[in-house]
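Chains as they are written, first to last, in my numbering: chain A, 1 to 252; chain B, 1 to 822; chain C, 1 to 188. First comes the structure, then the notes that go with it.
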Amino acid sequence: MTPHEIATIETSPAPARPSAPTLSLVDAQRVHGEGAQAVRALGPVTLSIFPGELVAVMGPSGSGKSTLLSLAGALDQPTEGEVFIEGLNLALLSMAELAALRRRVVGFVFQDLNLLPGLTALENVALPLELDGCPLGEARARAHRELAQVGLGRLAHRFPENLSGGEQQRVAIARAFIGPRHLLLADEPTGALDSVTGETVMRLLKDQCARGRTVVLVTHDAAHAAWADRVIFLRDGKIVDETTSAATQNLP
Amino acid sequence: MRSTLSPGALRALVRVEWRQLWLHRSRSLLVLLLITLPVAAIVGGSSLVRITQPGPEQRAAQAMGRADLRVDSSGRWEDVERIRAALPEGATVQPIFEGLERVSVSGRRLRARLFALEPAALIAPDDTPGLAAGLVQLTAGQLPTNAGEVALSPVLLADLDRTIGETVNLQYGASRTITGTVVAPEELDLPVVVRVPAWAEHPGRHSLLVDLPADLPAVDPQSSGNAAEELASALREAGDTVQTRVEASAGDDAITGAVFALGIIGLFEAALVISAAFAVGLRRRQVEIGLLGSAGATAGGITAALLVSAAIQALLAGLAGTLLGYLGVATVYPYLDGWTHRISAPFEILPLQAAAAIFLGVVAAVAAAVLPARSAARMPIRQALSGRRPTRHRSHKWLRVGLAMVTAGLVLLVLASHEHTLLRALGVVLGPIFGIIGFGACAPWLLEWSARRAAPLPLAWRLAVRDAGRFRERNGAVVTAVLAGMAMSVTFASLVASLEDAMAAFPTVYRSDQLLIEGPGAEEAASAIAERIPTLVTAPLRAVYTHGEPVRVRPDGEEAPRRGGWIAVGDERLARALGADGGQAALRQGRLLALDPMQDFTTLELTSWVSGHAVESPVFESFTTGQLVREPAYLIGAGALGRYGWETGPPPRSSLIPWLVRTAKPVTPELLEHVRRLASQFARTSVDAELLYGNKFRKFFIAVTIICALTGILIVIAATALSAAESAPDERALHTLGAAPRVLRSHFASRAGYLALLGCCLAVPAGLLAAAALAGAVNFTLDFVVPWRDLLVIVVGLPSIVYAGAWLFARTRGQHFVGSRG
Amino acid sequence: MPGDFELHSRTNIMIIRNSFLAFLSSQPNHGYGLKSSFEASTGGAWRLNAGQVYTTLSRLERDGLIEADDGDAPERRAWQLTHQGQRALADWYDTPVDNRSTRDELVIKVLVAIAAGEPDIQRVLQTQRSATMRRLQELTRHKIATPTNSELPDLLLLDAMILRAESEIRWLDQCEQRLQASWQGASA
């Protein structure tokens with residue numbers, strides 16, 4: 001098999017793209033400070049991400065990757081422009097509604113400091129449901145199913161300090177998709193992992209997308225970004241290019 | 001591994017530590033404060049004690065004026081003669097009488113210290129001070145020279161609204177003219193009455209102030225050589241009560257000791273929290289210490305540098321504390337005379353005192369740093385560099401140590417009731433300390449044990465309990481600090497309860513809802529009072545008389561205390577006024593009611609008061625009113641008078657019939673003041689109530705209990721501030737998971753509440769243990785009482801306050817983006 | 001090392017041709033100057049002989065991409081770009097290096113673009129990066145689809161290609177960072 005042959009291999013078709021985006025940013029900007037001291041962290045950026053998509057955001061340090069992610073997760077507000085999740089304009093939501101959104105729609109996975117060290121793997125996964133008022137027993141039962149899906153059913157009662165880095169990230173991913181949550185914003189989730197473990201995490205994210213869940217992945221690792229359906233390149237807070245993998249590209 | 005530590009290496013390491021202090025300013029400030037405050041308390045407290053408490057010379061003057069000996073009378077005339085005969089040639093003797101006096105004007109009657117003495121006792125005819133000078137002191141006007149005159153202290157004059165030249169009434173005799181003002185120099189606010197001796201204070205009851213000639217040689221050269229001592233021991237052998245000047249001046253420095261002891265307990269609590277603060281800091285610097293190790297620093301060097309840094313910090317804090325303490329004293333110094341009612345000693349800075357306090361502070365800080373520093377410095381370098389926490393062992397070791405210490409404490413407490421003074425002191429001092437440290441040592445195990453069972457708890461408490469378990473050594477120290485503070489509260493609360501219980505066995509003067517109106521206008525005043533304030537009943541208080549004397553009752557029991565006394569006579573109204581509401585039927589049947597008898601008896605012996613004529617005893621029965629008062633102890637219906645041929649008259653010790661008023665509610669100071677104003681409209685009529693006889697010790701104990709509780713709260717606040725830094729990542733994680741502000745608040749509050757709850761719960765057994773020891777060690781029998789209500793307040797109330805406070809002050813807007821690097 | 005390059009391959013002829021266009025876009029130059037610029041831009045790693053230079057120039061002139069004043073001796077003539085030549089250069093910049101060619105063209109292209117003072121070098125880098133990413137995505141998709149129990153040579157070949165693409169992107173990232181650092185150094 002030659003490189004040429006590999007490049008022309010047929011790939012499975014990407015899921016059809018429904019019209020309503022899960023997440024969209026419209027001319028979103030984030031400027032820190034004012035006047036002469038103003039620093040533009042991001043924008044203006046316009047971007048739509050659709051259900052079932054795995055989208056990678058690449059860029060060097062300071063390009064605004066993480067700012068983009070915190071705007072998308074309502075951890076920060078744009079100074080200009082708008083952010084929509086499930087068609088809801090985040091600027092119009094109260095603090096409590098934003099918190100509810102984070103409990104029910106958006107999950108985060110970071111490079112580290114993901115899990116509460118005082119809670120077991122199971123309790124960590126059940127946490128968003130518990131915070132949402134779900135009865136403890138039911139929350140734990142659902143968390144158990146979610147953990148089993150990421151292949152960690154056996155380790156449900158371990159505390160984070162007794163889990164490996166990769167296991168911790170898988171627990172965090174299970175937590176990000178517990179209950180009705182279906183949008184994962186991941187900030188360098190493989191950053192602290194070796195390449196093989198990183199690959200299992202990427203495979204897990206890819207599986208979740210195949211189930212119709214949506215993942216936005218911020219990374220500077222090209223090998224991991226390549227798992228995405230779309231790769232968005234950020235430079236100085238702006239999108240400079242966007243690549244779509246071959247199959248999607250072939251869509252009309 | 002043991003290696004020499006060069007000064008250069010130590011200097012380099014200390015420089016690193018010094019920079020750390022600046023980097024973590026808030027934590028350093030916390031440590032500084034924790035040392036500063038107890039040191040300031042020790043310095044300020046002991047200074048205040050020295051300034052406000054009388055010195056040896058003042059103490060001696062307070063007891064015996066300028067005399068060399070004070071011989072207190074047995075009451076027998078022949079003893080006085082014998083003592084006079086035993087005195088050497090040239091000795092001067094001044095008889096005085098010290099007792100209790102009641103001073104009254106219309107509407108008011110006050111109790112006062114009585115000094116009955118001739119004017120020469122204070123001011124000799126040649127205008128030199130008399131032998132009694134120093135006991136009291138004339139400040140204005142003249143001393144009384146005859147039975148129609150009196151000198152009062154300014155406090156009394158103000159309270160009675162009288163000035164020199166006006167008149168007041170004393171217990172015996174007619175009204176007297178005020179000739180001057182007198183004070184007791186060490187107690188300016190003491191109500192003092194000075195008058196010439198009356199017949200009641202006949203020479204047999206005098207105390208004798210004896211002044212010996214200055215050059216009196218010792219009779220027996222073998223003895224101590226002091227003539228006063230010799231004379232005193234000779235008189236003592238004859239059975240007299242003698243006090244020498246040396247004995248009277250011997251101060252008890254118990255208060256200074258107590259200040260230092262309280263300060264040391266404060267430093268102990270501070271040291272525990274400081275230890276936790278150091279542990280937090282060192283845990284966060286684990287990698288850095290690993291790097292120091294990889295750069296060639298020895299474990300000993302690192303430990304030494306950490307200890308030196310702690311010592312420097314404590315030294316600075318100690319200096320600040322000393323400064324603060326003296327500054328505080330200097331600030332209040334001008335007001336001290338007014339507060340303490342005595343002439344204060346001059347304000348001085350005592351270097352030794354300051355040095356001792358600073359030394360204690362440094363010892364506390366270094367001791368607090370030893371364990372965390374050693375464990376941080378001895379961690380294997382590779383593990384330190386990995387940043388992982390060391391694998392923790394189960395806390396059984398701590399549990400075993402704790403239980404052993406508690407057991408040792410219990411054994412020591414058994415010693416506390418031992419006969420031997422030394423063993424008793426050992427038990428009283430060491431027992432509670434072992435108890436507190438022992439229960440504290442159990443804390444890490446308890447934290448771990450609870451953490452393993454936290455699964456069913458609500459989220460915030462689950463996190464709090466689990467995190468406290470994860471950092472159990474450090475949180476164990478905090479719990480111990482809370483425990484130490486709260487145990488003192490529990491101890492004091494139990495002592496107050498035990499003392500109150502003991503006091504309840506003693507009769508009070510009046511019921512708490514009674515007013516006694518005395519004087520010619522008593523009846524009118526009583527009805528005026530009944531019209532103006534909510535009153536249950538008013539009734540005249542008459543006594544049963546026979547042969548022109550009051551009837552005296554004696555129960556047959558041989559054992560003291562005997563509750564004898566006179567018999568009150570009246571109708572249902574008097575029964576109600578005395579609280580014997582249910583006794584009317586018995587009264588109508590002509591029975592004698594024995595009110596609140598203190599012991600069982602089968603017969604009553606009735607006699608006339610002075611001449612002792614036997615009187616026929618009526619049928620009697622006991623009646624419990626619920627409030628034990630001194631008198632009257634017996635009550636009979638007016639209908640029975642005719643049957644026994646009795647008359648009525650004023651109670652013994654009264655010349656007029658007083659009236660009793662029973663108010664609807666217990667008498668408050670405001671109510672009493674109101675009633676006094678009403679009574680003052682009637683000439684020579686005064687009001688008395690139990691309120692005027694209350695004791696002050698309770699307020700003191702309650703104040704101490706509250707201070708201890710506040711210390712506990714302060715410690716919890718400091719501990720919570722420490723753990724807040726550590727819980728920040730958790731709070732951010734919760735925030736990104738969409739936790740509502742309520743959840744974040746309860747997360748923060750639960751951490752504080754949990755430590756407070758655990759400390760308070762452990763404080764209960766530890767504090768009760770100490771209280772039991774103290775109750776067993778006191779000289780009089782004190783039944784130990786568990787103050788359930790106070791314990792409930794401590795176990796439920798204090799953690800709730802801490803929880804609520806933490807809830808209010810929790811920050812919920814910490815919107816930091818975790819891992820933000822982009 | 002010059003030996004590493006197949007000097008007579010068609011690709012290399014195209015690289016030299018396009019590089020000359022790039023140098024001439026900044027200023028007119030004669031043959032020897034172009035030779036020096038080219039060798040300097042590749043850090044002396046790729047030396048040209050006079051024959052290669054003049055063959056290339058005459059082909060460029062034949063295709064109407066460059067022109068020069070007549071009259072002088074061939075080695076004295078100062079060449080400059082025609083409109084057609086400018087278009088050809090832009091096409092080269094805009095066309096990512098074909099993944100089937102040797103990657104050295106990419107290196108030379110970037111070096112030449114920098115040496116020629118190409119103002120929009122970032123766009124050149126991004127174009128290349130996007131293309132490589134697209135290829136990396138394809139390879140990854142293929143890898144996802146390939147069962148882990150496939151023939152070992154297939155798997156190893158796939159790994160090699162993925163790693164090569166990844167390293168190319170990393171190299172582009174590094175180029176960009178160094179350029180940025182040098183600009184910042186210059187402006188400071």
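Don't be surprised by glycine CBs; every beta carbon is placed ideally from N, CA and C. All values derive from a computational prediction rather than experimental measurement.
Around the beta carbon of His83(C), a 10 Å sphere encloses fewer than 16 other beta carbons of the protein chains shown; the residue is thus reported as exposed. Gln353(B) counts as buried, since no fewer than 16 other beta carbons sit within 10 angstroms of its beta carbon.
DSSP, read as helix, strand or coil, puts Lys206(A) in helix. DSSP places Pro56(B) in the uninterrupted alpha helix (DSSP H) bounded by 56 to 64. Using beta-carbon distances, Leu34(C) does not count as an interface residue toward chain A, since no partner is under 9 Å.
The Cβ-Cβ distance between Trp609(B) and Pro550(B) falls below 9 Å. Between Ala733(B) and Ala460(B), the C-beta spacing is not below 9 Å. With a cutoff of 9 Å on beta-carbon distance, Ile358(B) and Leu319(B) are scored as near each other.
Where Phe110(A) is concerned, there is no enclosing beta strand (DSSP E), because DSSP gives it neither an H nor an E. Counting the other CB atoms within 10 Å of its CB gives Val332(B) a total below 16, which places it among the exposed residues. Per DSSP, the beta bridge partners of Thr244(B) are Leu69(B).
For Phe233(A), the chain C residues whose Cβ falls inside 9 Å of its Cβ are Gln126, Arg129, Ser130, Met133, in order along the chain. By the criterion of a C-beta distance shorter than 8 Å, Thr92(B) is surrounded in its chain by Leu131, Val210, Asp211, once the five residues flanking it on both sides are discounted.
9 Å or more divides the Cβ of Val150(B) from the Cβ of Val183(B).
Thr120(A) has a beta carbon lying at 9 Å or more from every beta carbon in chain C. Taking the CA atoms as reference points, Ser489(B) sits about 37 Å from Arg285(B). In the three-state DSSP reduction, Val496(B) falls in the helix class (H, G or I). By the Cβ test, the stretch 98 to 105 of chain A is in contact with the stretch 734 to 749 of chain B, since at least three Cβ pairs between them sit closer than 8 Å. One alpha carbon belongs to Ser6(B), the other to Leu272(B), and they sit about 31 Å apart.
Interface with chain A (9 Å Cβ-Cβ cutoff): Ile162(C) is included. Shown here, Asp154(C) sits in a helix according to DSSP, grouped into three states. The contact set of Gly476(B) on chain A, defined by CB atoms closer than 7 Å, is empty, because the minimum CB distance reaches about 17 Å. Here the alpha carbon of Val287(B) sits roughly 50 Å from the alpha carbon of Arg789(B). If you draw a 10 Å sphere on the C-beta of Val196(A), you find fewer than 16 other C-beta atoms in it, and that means exposed.
In summary, His220(A) is buried, with 16 or more beta-carbon neighbours lying within 10 Å of its beta-carbon over all protein chains present. For Ser494(B) against Leu768(B), the beta-carbon gap comes to about 6 Å, under 8 Å, which counts as contact.
Val31(B) and Glu473(B) have their alpha carbons spaced roughly 18 Å apart.
Of the candidates His144(A), Leu122(A), Ala222(A), the residue whose Cα lies closest to the Cα of Ala455(B) is Leu122(A).
For Arg62(C), there are no C-beta contacts with chain A under 7 Å, since the nearest C-beta of that chain is about 32 Å from it. In this structure, the CA atom of Ala63(B) is about 6 Å from the CA atom of Ala248(B).
For Ser498(B), the closest alpha carbon among the candidates Leu536(B), Ala772(B), Arg111(B), Leu410(B) is that of Ala772(B). Where Leu672(B) is concerned, there is no enclosing beta strand (DSSP E), although the alpha helix (DSSP H) around it starts and stops at 669 to 679.
The beta-carbon distance between Pro38(B) and Gly263(B), rounded to whole angstroms, is 5 Å. This is short enough to meet the 8 Å contact definition. Arg170(A) has its alpha-carbon roughly 9 Å from the corresponding atom of Val109(A). Among the residues of the stretch 727 to 758 of chain B, those with a Cβ less than 7 Å away from any Cβ of chain A are Pro729, Asp730, Ala733, Thr736, Leu737, Gly738, Ala739, Ala740, Val743, in the order of the chain.
Apart from sequence neighbours up to five positions away, the residues of its chain that approach Glu39(C) with a beta-carbon distance below 8 Å are Trp46, Arg47, Leu48, ordered along the chain.
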